[in-house]
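2 protein chains.
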Amino acid sequence: MWSTAARCSAVRTAPRRGLATLTSSELEKDFAAMLPEAALQRDPSTVEGHRMDWLKQFEGPVLDNDRTPKFVLRPGSTEEVSEILKYCHKHEVPVVPQGGNTGLVGGSVPKRGDEVVLNLARMNKVLDFDDVGGVISCQAGCILADLESYASARGYLMPLDLGASGSCQIGGNLATNAGGIRLVRYGSLRSNVLGLEAVLADGTVLDMMNTLRKDNTGYDLKQLLVGSEGTLGVITGAAIITPPKPVARQVALLALDSFDEVLSTLQKARSCLGEVLSAAEFWDSPSLNMLLDTMPEVVSSRPIEGDHPFYLLIEAAGSDAEHDMAKLERFLDGFEHGVLAMDESQVASLWSIRENLPVALQHRGGRTYKYDVSIPSSLFDELTNLIRKRVASVSEDAFVMQYGHIGDGNVHVNGWSPAFDQDVLDALEDELYAFLTKHRGSISAEHGIGVLKAKKMHISNTESSLALMRSIKNLLDPKNILNPGKVLPEQA
Amino acid sequence: MWSTAARCSAVRTAPRRGLATLTSSELEKDFAAMLPEAALQRDPSTVEGHRMDWLKQFEGPVLDNDRTPKFVLRPGSTEEVSEILKYCHKHEVPVVPQGGNTGLVGGSVPKRGDEVVLNLARMNKVLDFDDVGGVISCQAGCILADLESYASARGYLMPLDLGASGSCQIGGNLATNAGGIRLVRYGSLRSNVLGLEAVLADGTVLDMMNTLRKDNTGYDLKQLLVGSEGTLGVITGAAIITPPKPVARQVALLALDSFDEVLSTLQKARSCLGEVLSAAEFWDSPSLNMLLDTMPEVVSSRPIEGDHPFYLLIEAAGSDAEHDMAKLERFLDGFEHGVLAMDESQVASLWSIRENLPVALQHRGGRTYKYDVSIPSSLFDELTNLIRKRVASVSEDAFVMQYGHIGDGNVHVNGWSPAFDQDVLDALEDELYAFLTKHRGSISAEHGIGVLKAKKMHISNTESSLALMRSIKNLLDPKNILNPGKVLPEQA
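Sequence lines, in order, name chains F and L. 1 is the number of the first residue of the first sequence in the UniProt record's numbering; add one for each residue after it. 1 is the number of the first residue of the second sequence in the UniProt record's numbering; add one for each residue after it.
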């Protein structure tokens, strides 16, 4: 998406601090002397895969004079991460920390072209599990789904779940404060982190790996690293709360005729289900129609007869299936159009609609414009309608759809056109950013900033906040070697 | 407690950066010109009250040459706080931000003697309430109990509750990341903060007052201020999640014969009550006996016949009283010694035992040694027994008791002797700190550091963490005017 922009940017930043002076061959030789062979991945196609995001939208330029590293570092321990960063700090070698590389904003791949990719995949051990308190301690490279299986076998679950769980790593989840469908129940990942280990830009190891639920002994440095997208340090380990696994989950899908009905139904769900409400997801008619059209092999028929303007999926999960069901039935009383899943396979089938919306958009071809915004839930439809109207005024083929975590005020607004269309992009972004500015919304509810949104940071942050972020970046990484060009907008 | 030490410390720090050069009269004149009359409190006895903590254990020395301010600042707006700090920053005037002054570690009163007290009491307005999402936005000086009443009238509650709720201010709660009895259910205050407004040392206003549940747009600066005890900025406003108020609460008190039984009962409570478990508090026999002995007018008889080694109070609160009670009864099945509160007055009466333990210690006279530590719950009794044995070896009259938030791994270990006894103090602290060091415990689970524990920070933090905290302090407050001598140990 921005490979052209990146080229420009690499050129533009060059005078400011210069690209690395060491060539790939020189770096490779030094790292080979410093690290075990397993820590150096040199296979060209594998290396290429690590230097590009999974959607193939972000990729740093290949620089001349052997200045783009032809290898990826895969350290096996915190000590190795520390050695690598000490070296990079000394020689001013830029580094891109990388987890499962499943992000959507280009945060985990090179931007300038001279960055060394530091992938945490080999640091994938569970270190400890406290099965009285429900706390998992692990290395940063553990894959989320593996941690989920580990916790699940012991009667617990991870406090987060997201589409990429089979590939994403917990270190990347932490670095981006990943959201997902469990947030409405268990809160943000940030608030479930008890301990953290990270390596700072100069190689200093910050060991904050405790497992205490309460600890008021000074500034909470962990929180500075969580959500910093690899720009302040490399997360190497964490201790995370694992809540007890609910004994059962029940899912209902409702078709609703207006957005006001969506809101009042959500309120009713909150009040009837209370503490067992575990998910509240919604999508609109254009979303479902797009899915039926694009992936008929996955979702072959409408879950509820007729084409309704809105759908709301409500999940209840608690410690007593009978109580949960009683609460759910009380909630469902009075609705005309809905289905209640009767077993786990029906639960999975209802969830697959929501889960496949982004997948279908990806499979559809053409061009998708994805936005991940946070505003009060009551404003979702107003925003989408404004965008829809404006987009319709510039294109006949384009359409706009919305779906998302309505329980958390997080809507994914998506535009689509048969091919890239600058008018559609402009129409969409003009409306969107004006609306977010007016209502103090967030330009990134859960996806983070990366390179994609760095230039829009001012919409969700005041100049004072941005200035303080810059000072902190400068304090922790004075040579700007950690994920340069990500999160903070580059200054002229 | 440390007024002598403070005198020494004031002298010791003098050469390092010097006491303020402006006299109280000069400061008062300048502030009077800058602020409305209501913002200057000059009544001597009121001023004295603000310069001393409520337990009268901490108080900065009165300096000669009119260098101890004879007034307290009580700004009415964020702009006034900003003007005050701009002035203090320029003239290097040290400032102690103060909320309800209910802390236990001397964080909210002067230490050196030349500090101006900046009390937030007049900034006590609720700014907004989102009754769809359940979010309260307010100024920092709002009293916690007032916010609770406000939220309660709208069907919500504050995510925290503590003994001092009638006096403590939400700004102080945030600055100390206050804990309390609701943490086991709703998580830390830190994780319930959605928005924050703060004024930095140089007067810069950081406006981060949004009410979004999800917002991944850069570093979470809010978290740096929360828990920093007024050393990095003055919190002036906040937006906080208010969870829906449970429809009912049920409380049971169990008498248990061993600590192992306490632990297994806690596990059973977690599994039977699941998401409706809303409190798990425990105390030991010496605690109850001390209470019966000290405050017979409040708790006149044993709640359960006989003297049992341990007591566990379990509360269930959910959205369906019948379901909650069914879960509680399933939990209680099989216990021999216990009582179940049958109405709100019995609920209050069982709670009053727990709530009055610290009050009774205060009323008892003699000398109390209070500790607020975090360790895995399974280690509580081992720690207390070690301390008890050691204290018994140096004093016949002293005793040791434990109570606390066992659901969160937070135990309050308290020693008592008829008069101050250095041997008792040494015995207690030797055992305690050795144990915490060995088990990576926290020296302050919820009370914070203040001046009382600044010298013990190394027990719960590595040297790297402390160094980074110092750098951050220096970045945000280079002239060290904000709450000097608190949180971070002063360097030689």
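Built from N, CA and C at the ideal position, the CB exists for glycine as well.
With contacts defined as CB atoms closer than 8 Å, residue 251 of chain L and residue 350 of chain L qualify as a contacting pair. When DSSP reads this structure, residue 401 of chain F sits in a beta bridge with F:414. Think of a sphere of 8 Å around the beta carbon of residue 215 of chain L: the chain F residues whose beta carbon falls inside it are 374, 442, 444, 445, 460, in chain order.
The DSSP-derived three-state label of residue 35 of chain F is coil.
By the C-beta density criterion, residue 25 of chain F is exposed, having fewer than 16 other C-beta atoms within 10 angstroms. In terms of CA proximity to residue 48 of chain F, F:109 leads the group F:74, F:109, F:97.
When Cβ-Cβ separations below 8 Å define contact, residue 199 of chain F makes no contact with chain L. Under a criterion of Cβ atoms nearer than 8 Å, the residues of chain F adjacent to residue 449 of chain L are, in order, 216, 217, 218.
The Cβ-Cβ distance between residue 21 of chain L and residue 65 of chain L does not fall below 8 Å. The three-state reading of DSSP puts residue 94 of chain L in coil, since its state is none of H, G, I, E or B.
Taking 3 residues as the minimum length, the beta strand (DSSP E) runs contained wholly in the segment 134-169 of chain F are 135-139, in order along the chain. Interface annotation, residue 455 of chain L: not in contact with chain F, CB-CB separation never under 8 Å.
Under a criterion of Cβ atoms nearer than 8 Å, the residues of chain F adjacent to residue 323 of chain L are, in order, 320, 323, 326, 327.
Under a criterion of Cβ atoms nearer than 7 Å, the residues of chain L adjacent to residue 187 of chain F are, in order, 187, 191.
Measuring C-alpha to C-alpha distances from residue 282 of chain L to each of L:158, L:410, L:172 identifies L:410 as the nearest. Cα atoms of residue 477 of chain F and residue 60 of chain F: separation of roughly 21 Å, rounded to the nearest angstrom. In its chain, beyond the 5 residues on either side, 129, 131 have a beta carbon closer than 7 Å to the beta carbon of residue 154 of chain L. Between residue 279 of chain L and residue 181 of chain L, the C-beta spacing is below 8 Å. Assignment of residue 301 of chain F by DSSP, reduced to helix, strand and coil, places it in the coil class. For residue 208 of chain L, the enclosing beta strand (DSSP E) stretches over residues 205-208.
Membership of residue 351 of chain F in the alpha helix (DSSP H) is indicated by the continuous run 344-363. Excluding five sequence positions before and after residue 374 of chain L, the CB atoms of its chain that fall closer than 7 Å to its own CB belong to 409, 410, 441, 442, 445, given in chain order. Shown here for residue 448 of chain F: same chain residues with a beta carbon closer than 7 Å to its own, the five before and five after excluded, namely 103, 105, 107, 176, 229 in chain order. In the displayed model, residue 380 of chain F falls within a helix according to three-state DSSP.
Of all residues in the segment 279-293 of chain F, none has a C-beta nearer than 8 Å to a C-beta of chain L. In the three-state reduction of the DSSP assignment, residue 57 of chain L falls in the coil class.
DSSP places residue 310 of chain L in the strand class (E or B) of the three-state scheme. In this structure, the beta-carbon distance from residue 162 of chain L to residue 118 of chain L does not fall below 8 Å. Chain F places a beta carbon closer than 8 Å to that of residue 212 of chain L, counting this residue as a contact. Contact annotation for residue 347 of chain L against chain F: no contact, minimum CB-CB distance about 19 Å [criterion: below 7 Å]. Residue 318 of chain F and residue 485 of chain F have their C-alpha atoms some 44 Å from each other. Interface annotation, residue 411 of chain F: not in contact with chain L, CB-CB separation never under 8 Å.
Residue 424 of chain F counts as buried, since at least 16 other C-beta atoms from the protein chains shown sit within 10 angstroms of its C-beta.
In this chain, residue 219 of chain F is not harboured by any beta strand (DSSP E), its DSSP state being neither H nor E. Partner residues in the beta bridge of residue 368 of chain L, as assigned by DSSP, are L:416. 263, 266, 267, 270, 271, 272, 273: these are the residues of the segment 255-273 of chain L whose beta carbon lies less than 9 Å from some beta carbon of chain F, given in chain order.
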